[in-house]
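**Student:** Just so we're aligned, residue 1 is where the sequence shown starts under full-length UniProt numbering, counting upward by one.
Okay, handing you the structure first.
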Amino acid sequence: REVVRLCMDFMLELEDEEDWAGAADSWTAEVCNYDVGEENIDRFARALGAAAVLEHVFEGVRSFVGQGDWKHRYVAIMTLSQCAETVHDEAHVDEIVQLLLSLLADDHPRVRYAALHAIGQTSTDHSPYLQEQHSERVLPAISRLMDDP
């Protein structure tokens, strides 16, 4: 539990760039705490498996989603995205999809972007299950974002 929370806390140290959407060309090789946290969430999930890690991930995610700061919600989403492929229980996939769909309507554009990214990742990791079970809710939600600035 502490390791997951520590990784998520590291991930909170992300840049608060005003023009983040246009920052695709500003990639840097400099490693920051966000990168360390994200990479280690992935490593723990792969090494230990969903059965050992997922309960603690969901605990951290639920805590972070309830925070007022957009960075907490962003980190919660990206944490789920990193762990998605290790999830084997369809009920957990359903829970992830439900949370991500709710965050597609978030007030902050980076949270909406992260939710869209995570839906894409989860769709890849859990194909064809996600498409067969959730397309009626996912596709309209994604379509609504087409006009998102």
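Idealized CB from N, CA, C, for every residue including glycine.
Bear in mind the structure is a predicted one, so any value in this text is a computation, not a measurement.
Are the CB atoms of Val36 and Val4 nearer to each other than 8 Å?
**Tutor:** No, the Cβ-Cβ distance between Val36 and Val4 is not below 8 Å.
**Student:** His134 by DSSP, collapsed to three states: which one?
**Tutor:** In the structure shown, His134 sits in a helix (DSSP, three-state: H, G or I).
**Student:** Going by other Cβ atoms of all chains shown within 10 Å of its Cβ, with 16 needed for buried, is Gly60 buried or exposed?
**Tutor:** Buried, since its Cβ has 16 or more Cβ neighbours within 10 Å.
**Student:** Taking Leu116 and Leu130 to be in contact with their CB atoms under 8 Å, please state how far apart those CB atoms are, rounded to whole angstroms.
**Tutor:** Contact doesn't hold; Cβ gap of about 14 Å is too wide.
**Student:** Per DSSP, what kind of secondary structure is His88 in: helix, strand or coil?
**Tutor:** Looking at His88 - three-state DSSP - the assignment turns out to be coil, as it is neither helix nor strand.
**Student:** To the nearest angstrom, how far is the alpha carbon of Ala118 from that of Lys71?
**Tutor:** Looking at the two C-alpha atoms, the distance is approximately 15 Å.
**Student:** By the 10 Å Cβ neighbour count, where 16 or more other Cβ atoms means buried, how is Leu80 classified, buried or exposed?
**Tutor:** The residue in question, Leu80, is buried, as its Cβ has 16 or more Cβ neighbours within 10 Å.
**Student:** If you follow the alpha helix (DSSP H) that Leu14 is in, where does it begin and where does it stop?
**Tutor:** Premise fails: Leu14 is in no alpha helix (DSSP H) and is neither H nor E.
**Student:** Could you check whether Phe10 and Tyr34 sit closer than 8 Å to each other, using their CB atoms as the reference points?
**Tutor:** Contact flag set, yes.
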